[in-house]
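Just so we're aligned, residue -3 is where the sequence shown starts under the working numbering, counting upward by one. For each residue, glycine too, the CB sits at the ideal point set by N, CA and C.
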Amino acid sequence: MTDIPNVGIGDTVTLIGQDGEESIDVYELKARSKTTIGYVLAAISQRPLRVYKEFDKI
-3 MTDIPNVGIG
7 DTVTLIGQDG
17 EESIDVYELK
27 ARSKTTIGYV
37 LAAISQRPLR
47 VYKEFDKI
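See below:
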């Protein structure tokens, strides 16, 4: 996160999925992190808060 300007503790981030018109899947995250899919998924060690949206409703 240190390379992203204006990001701080408590900000919402999308690691895998879609936010508005932007989206990222596990394969793109793997490519950007230059590692394996297994490592990417294992690196999310604590269960993050998951928010599911359908038709713009949480």
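- Message: Helix, strand or coil, according to DSSP, for residue 12 in the structure here?
- Response: When secondary structure is reduced to three states using DSSP, residue 12 falls in the coil class, being assigned neither helix nor strand.
- Message: For residue 52, tell me which candidate among 12, 0, 17 has the shortest Cα-Cα distance.
- Response: Among 12, 0, 17, the Cα nearest to that of residue 52 is on 17.
- Message: Could you check whether residue 33 and residue 11 sit closer than 8 Å to each other, using their CB atoms as the reference points?
- Response: No, they are not a contact pair.
- Message: To the nearest angstrom, how far is the alpha carbon of residue 20 from that of residue 30?
- Response: Spanning the two alpha carbons is a distance of roughly 15 Å.
- Query: DSSP three-state call for residue 0: helix, strand or coil?
  - Reply: Here residue 0 sits in coil by DSSP.
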